[in-house]
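**Student:** Could you have a look at this structure, given as structure tokens, before my questions?
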Amino acid sequence: MLFHTSTFFLFFAIFIALYFSLQRYLSAQNLLVLAGSYVFYAAWDERFLVLIMVSTATDYIAGLGASGRQIERKTALKTGALLLAGCGLALGWTFASSWHFFAAVVAFTGFGALALRMAAPMEEKKRRKFWMTVSLIVNLGLLGVFKYFNFFADSLAGLASAGGIELGWTTLQIALPVGISFYTFQTLSYTIDIYRDRMKPTEKLLELAAYIAFFPQLVAGPIERARNLLPQFFKRREITFERITTGMALFAWGMYKKAVIADNLSIIANDAFANPAGMSSVGLWIGLIAFTFQIYCDFSGYSDMARGVARIMGFDLMVNFRLPYFSRTPSEFWRGWHISLSTWLRDYLYIGLGGNRGSSLLTYRNLLLTMVLGGLWHGAAWTFVLWGFYQGMILVLYRVARIDDWLAKPLSPVLEYSRSAVTMAFFFFLTMIGWLIFRANDMGNLSIYFDGLFALRAIGDTGSLALLLKMAVPLVLVQIAQAHYKELEFQYNLAPFLRYNVYLFVLFSIVALTYQGDVEFIYFDF
Amino acid sequence: MIVLIVLLSPVYIVLFGELFMRLFAGVALMPRYVTGADDGIRMNIPNAVYGQTSREVDVEVRINSVGMRADREFTFEKPDGTCRIAVLGDSFFMGYEVEIEDSFSHLLEANLAEQNVNCEVLNFSVSGFGTAEYVVAMESRVLPYNPDLVIFELHETDLSENVISDLYRVEDGALVKTGNNYLPAIAVRDKLMQYGVYRWLIEHSQLYSVVREHAGKNVKKLLLVKNTVKAFFNKDAQPEQDTPKEVDTTGPVELLVKLLERGRDLSVQNGAEFLLVDIPNGFDPPNYFSVLDRQLKDSDLHSRFNLVSPLATFTDPANADTLYYYQTGHLHLSIDGNKVVSKVAADAIINQKLLDHRTTFTSAAPTSAATLEE
């Protein structure tokens, strides 16, 4: 169920009517959020709801355990029973074909009981660590099996084959559950934060389940920390006319970025990446610029829509993108691109590895490792690993050259603008090369595309330039305004007449220029 | 002041929208001049003349006095020494976005004339039709003209159109007429068409065109959901039947196959041959695809029907630069697309001897092929 489809609008119309009618009953409203989120996810594949439920049950118990509490028998039994009942309900009508999922959950519940028995006699410190480890194993295990198993199995078989050893195994036919990278990271952060004494665990399974499955951000983020989102389930949400209208405006802007800009530009990018050998260098540059705008609009558009929907419901989600293409350095870029992931990686991986507390060499190692794993988070392919390494290398090189320090030194206004323009343009170029690695179908495709970019092959394939400009120019103008007003929702600073014209432009663009083919959100695959 | 703003706002929005469409969208104007007919389905408004424009085309559509897209009239009686082919399709076969001389039916006539076969091709197509409407139109509109060959268009949209129209259902493995009419928004349209302002709007307003297309698509989606749910519950209410193994029994596919069989049987019973012409999907050139290779891949239509498809020509790498569908209108066949479809249909008619059951049509000399050459 994509946000910009009539199916979602129908779903949301029914949902929000019920939601508003339950405004006085917080628990019932939370239950509705949970049920709606499960329905929303089941629209893709109800079997994979089981994974969300397993993750939820695990982190509910692990969260309590990681805080140092002994898990009561009643709590464990209730959680196990709800897990089995929830899975039974989700798999109910397809039980004949999906019974093995249920069998796996039964086995999992058995392992859970074993873990409880093992943890009970442990001393508190050890027990806390034990439950955090359980959360890590289960969540990263789900991610490993469903996202990375085939990648590593294939890679190992390829490596062995190069060494003359034929490994006879076959890879598993596993579909990638939508959004698994997002919700597993979200649940992990909950337990880790409790383990680090940064928050208290909740005893309310319903609210925790609703937080983990919260449909506006379930399948493509932002990866919300429990510290920010979970407390919002425990107080009555404020629903005002202003929140509804600004939420709708945010949703519309996100939809414009996704359905109009990203989807239309995907035609240009797909053509270029499908046959880079047959295109001129100019055509390849146009294709790469198109992808650079496409991926930004696709992902930030989804985040805006998620924030808009959540705001209508009375929730506040974090800002996930803050003008990343106006960055002068990689550190500025990562403060503006997929902020929820980059801060997650910073807090739970980079700092965990030691951050910048050690020698320079250790800091560089930590940066590289964090970015390589961040690359792998995006997808199970060597191009993503290479992209992560490339981003890590840029971070290290800028750090070695102390570019951030140099940029912090004040200059006269003219020189300051010139310096910003040059550094911004250069870093935009580096970002585009990064997207080339990211988007390439495989290493061969990357190599051909890269060669073609700089081969100065005949000028041609410029037919799509008009479409590129038509899509990119309004976005750039809006971003300049956002930078000027230092506010993403800058429109409230405009005179009413101008503001309504902006709204009309966005609305009519959505109505008339929405791409008619099927293009999923790029980040659904992550 | 506030009252003035409230009153003027809708006017301003409409003007802004129209200007936006013209400056940024370049929306195609594809008005449909259809009305309801006595047989409970749509027909082209008799004697209508209207334009269709997009960034690629500017054409005129003329309808004759009985609702065929034709620049002449036909009598029920066939002229001596001339065979008759009836064509039933939607906007593809009706020749949307091309002049009548470049439409499938005209080019087919010219192609056959080139091969010394004197035939007149009667085009009964109506934009938006599906197979169910072809079958209804066969009985009420086509058979009185005593055709020697009936051609049905086959397109991916037929699968949903047949469910949406709900004119026929499959019950107990048999095709059953529901007795329903299918005249979507015709009453409103008929009323509005009485006003010159509305007629001007549908031919000139890009904003109106966009709004109408969106509304139409969404209404169709709702109808599809409604009828699918209805069919689902009807199916549950019926006892299980033994269905032939070779037939795909998923609802829309089974319905489509049964309707095609009905069309073929009606043709044969009335002494006519039957030909099915596949129109591939042209949304993403050159990645054309046919419903035959997707939803209908298990239905084995090739062994059950005389069936031709231009897909091989469309997807031939040698033709990669040829534009078979216009991309800025409503994705209809271009002149080149129509030429290929009519050629494969004409070749099939000759090679499969579909007109040989009546052998008196061959003329001594070929008639003018000027149309084709144009």
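If you read the protein sequences in the order shown, they are chains B and D.
Note that numbering that gives the first Met the number 0 gives residue 361 to position 362 of the first sequence, counting from 1, and the numbers run on in steps of one.
Note that numbering that gives the first Met the number 0 gives residue 371 to position 372 of the second sequence, counting from 1, and the numbers run on in steps of one.
Note that the Cβ used here is the ideal one computed from N, Cα and C, for glycine as well.
#1: Tell me the rounded alpha-carbon separation between B:M247 and D:L353.
#2: What residue range is occupied by the uninterrupted alpha helix (DSSP H) comprising B:I15?
#3: State yes or no: is the beta carbon of D:M0 nearer than 8 Å to at least one beta carbon in chain B?
#4: Just the C-alpha distance for B:C86 and B:R46, rounded to the nearest angstrom, thanks.
#5: Classify B:F2 as helix, strand or coil using the three-state DSSP reduction.
#6: Thinking just about the alpha-carbon of each residue, which of B:F10, B:G64, B:R72 is nearest to the one in B:A42?
#7: Against chain D, with Cβ distances strictly below 8 Å, would B:V510 count as a contact?
#8: For the stretch 38-50 of chain D and the stretch 166-182 of chain D, state whether three or more C-beta atom pairs, one from each stretch, are separated by less than 8 Å.
#9: Compute the Euclidean distance between the alpha carbons of D:L153 and B:W376, then round it to the nearest angstrom.
#10: Does the distance from the CB of D:T327 to the CB of D:R54 come in under 8 Å?
#11: Quick check: is the beta carbon of D:E239 nearer than 8 Å to any beta carbon in chain B?
#12: Run through chain B and tell me which residues come within less than 7 Å of D:G16, C-beta to C-beta.
#13: Can you check whether the C-beta of D:K219 is within less than 8 Å of a C-beta belonging to chain B?
#14: Taking the alpha carbon of B:G374 as the reference point, which residue from B:G387, B:L367, B:V421, B:W333 has its own alpha carbon closest?
#15: Mind listing the chain B neighbours of D:A24? Cutoff is C-beta to C-beta under 7 Å, in chain order.
#16: Name, in chain order, the residues that DSSP records as bridge partners for D:V13.
#17: Does the beta carbon of D:V33 come closer than 8 Å to any beta carbon on chain B?
#18: Do you know offhand how far D:E170's Cα is from B:V104's?
#19: Please report whether the beta-carbon of D:P243 lies at a distance below 8 Å from any beta-carbon of chain B.
#20: Given a limit of 7 Å on CB to CB distance, which residues of the stretch 3-20 of chain B reach chain D?
#21: From B:R226 to B:G351, what distance separates their C-alpha atoms?
#22: So with CB distances below 8 Å, who are the chain B contacts of D:F288?
#23: Taking Cβ positions only, does B:L503 come closer than 8 Å to chain D?
#24: In angstroms with no decimal places, state the Cα-to-Cα distance between B:G64 and B:W333.
#25: Which value, in whole angstroms, describes the spacing of the CA atoms of D:L206 and D:Q351?
#26: Do the stretch 446-453 of chain B and the stretch 276-291 of chain B touch if we need at least three Cβ pairs shorter than 8 Å?
#27: May I ask you to report which of helix, strand or coil DSSP gives D:L153?
#28: Please list the terminal residues of the continuous beta strand (DSSP E) segment that includes D:S176.
#29: Taking contact to mean 3 or more Cβ pairs, one atom from each stretch, closer than 8 Å, check whether the stretch 465-482 of chain B and the stretch 248-264 of chain B are in contact.
#30: Counting Cβ pairs, one atom from each stretch, are 3 or more of them under 8 Å apart for the stretch 44-54 of chain D and the stretch 105-121 of chain D?
#31: By a C-beta neighbour count over all protein chains shown, 10 Å radius and 16 as the cutoff for buried, is D:M93 buried or exposed?
#32: Which complete beta strand (DSSP E) runs does the stretch 194-265 of chain B hold, if anything under 3 residues is left out?
#33: Got a sec: is the Cβ-Cβ distance from D:I12 to anything in chain B below 8 Å?
#34: How many angstroms separate the CA atom of B:V32 from the CA atom of B:F8?
#35: Check D:Y207 in the structure and name its three-state DSSP category.
#36: What residue range does the alpha helix (DSSP H) around D:Q51 cover?
**Tutor:** Checking against the coordinates, here is how it stands:
#1: Answer to the nearest angstrom: the Cα atoms are 60 Å apart.
#2: Looking at the DSSP string, the run of the alpha helix (DSSP H) that includes B:I15 is 5-20.
#3: Chain B, which has no Cβ nearer than 8 Å to the Cβ of D:M0, makes this no.
#4: If you take the alpha carbons of B:C86 and B:R46, they lie about 8 Å apart.
#5: B:F2: coil per DSSP, three-state reduction.
#6: Ranked by how close their Cα comes to the Cα of B:A42, the residues B:F10, B:G64, B:R72 have B:F10 in first place.
#7: At least one CB of chain D lies nearer than 8 Å to the CB of B:V510.
#8: As far as the Cβ criterion goes, the stretch 38-50 of chain D touches the stretch 166-182 of chain D, which means the pair count is three or higher.
#9: Their backbone Cα atoms lie some 45 Å apart in a straight line.
#10: A contact, by the Cβ cut-off of 8 Å.
#11: Unreliable positioning characterises D:E239 in this predicted model, as indicated by a pLDDT of 46, which lies under 50. A coordinate reading is not provided.
#12: Residues of chain B passing the Cβ test: F507.
#13: Closer than 8 Å: no.
#14: Of B:G387, B:L367, B:V421, B:W333, the residue nearest in Cα terms is B:G387.
#15: Neighbours of D:A24 on chain B, chain order: A511, L512.
#16: Per DSSP, none; premise fails for D:V13.
#17: Answer no: the Cβ-Cβ gap between D:V33 and chain B never drops below 8 Å.
#18: Approximately 41 Å between the Cα atoms of the pair.
#19: For D:P243, the predicted model reports a pLDDT of 42, less than 50, meaning its position is unreliable and no value from the coordinates is stated.
#20: Taking a C-beta cut-off of 7 Å against chain D, the contacting residues of the stretch 3-20 of chain B are S5, listed in chain order.
#21: If you draw a straight line from the Cα of B:R226 to the Cα of B:G351, it is about 19 Å long.
#22: Correct list: empty, because the minimum Cβ distance to chain B is about 13 Å.
#23: With 8 Å as the cut-off, B:L503 counts as an interface residue toward chain D.
#24: Take the alpha-carbon of B:G64 and the one of B:W333: they are about 34 Å apart.
#25: Between D:L206 and D:Q351, the C-alpha separation is close to 48 Å.
#26: Result yes; three or more Cβ-Cβ pairs closer than 8 Å.
#27: In the three-state scheme derived from DSSP, where H, G and I count as helix and E and B as strand, D:L153 is classed as strand.
#28: Looking at the sequence shown, residue 176 of chain D is not Ser but Lys. 173-176 is the extent of the beta strand (DSSP E) around D:K176.
#29: By the criterion of at least three beta-carbon pairs nearer than 8 Å, the stretch 465-482 of chain B is in contact with the stretch 248-264 of chain B.
#30: Contact between the stretch 44-54 of chain D and the stretch 105-121 of chain D is absent: fewer than three C-beta pairs spanning the two stretches fall below 8 Å.
#31: When all chains shown are included, D:M93 counts as buried.
#32: List check, beta strand (DSSP E) in window: nothing returned.
#33: Answer yes: the Cβ-Cβ gap between D:I12 and chain B drops below 8 Å somewhere.
#34: So the two alpha carbons sit approximately 16 Å from each other.
#35: D:Y207 falls in the helix class under three-state DSSP.
#36: For D:Q51, no alpha helix (DSSP H) run applies; the uninterrupted beta strand (DSSP E) run containing it begins and ends at 48-52, by DSSP.
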